[in-house]
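Comments concern the structure below.
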Amino acid sequence: MLNRPDTPAFDAPWQAQAFALAVALEERGLFSWAEWTAGLSVRLNGPDAASDGSDYYDHWLANLEALLAERGAALPAEVARTAAAWVRAAHATPHGRPILLENDPEHPG
3 MLNRPDTPAF DAPWQAQAFA LAVALEERGL FSWAEWTAGL SVRLNGPDAA
53 SDGSDYYDHW LANLEALLAE RGAALPAEVA RTAAAWVRAA HATPHGRPIL
103 LENDPEHPG
């Protein structure tokens, strides 16, 4: 959990991936850190934010998705379609095998 001594910075791999993706996209100029922090601050201080900060990376991801949509880089419908495809792929993948998008039963090809 964030800001707790002697604990990992991330509770799950997806949190580290979202963090790294935001850093990489800022470095490529998709958004500025001022834009990033403005959006994240609104989410972290919103009425649905957990008072203990346990949803910090949920807000991080929501902020990333919002900025990607604003820039036209990843529209919400495409994000939803891709997320659903990964879920289907996960359900279709035998235990112990890597989850690949190609395992989605609805995957073209």
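Under the working numbering, the final residue of the sequence shown carries the number 111; numbering is consecutive throughout.
Idealized CB from N, CA, C, for every residue including glycine.
Predicted model, so just to flag it, every value in this text is computed and none were measured.
query, result
"What residue ranges within the segment 15-45 form continuous alpha helix (DSSP H) runs of no fewer than 4 residues, ordered along the chain?", "15-29"
"Looking at chain B, is there any beta carbon in it that lies within less than 9 Å of the beta carbon of W35?", "Absent from the structure: chain B. Only one protein chain is present."
"Determine the burial state of W35: buried for a count of at least 16 other Cβ atoms within 10 Å of its Cβ, exposed for fewer.", "exposed"
"Pair every Cβ in the segment 89-109 with every Cβ in the segment 66-75, then say whether three or more of these pairs are closer than 8 Å.", "no"
"Using the C-alpha atoms, what's the distance from F21 back to F12?", "9 Å"
"Helix, strand or coil, according to DSSP, for T84 in the structure here?", "helix"
"Check whether the Cβ atoms of A92 and Y59 lie closer than 9 Å to each other.", "no"
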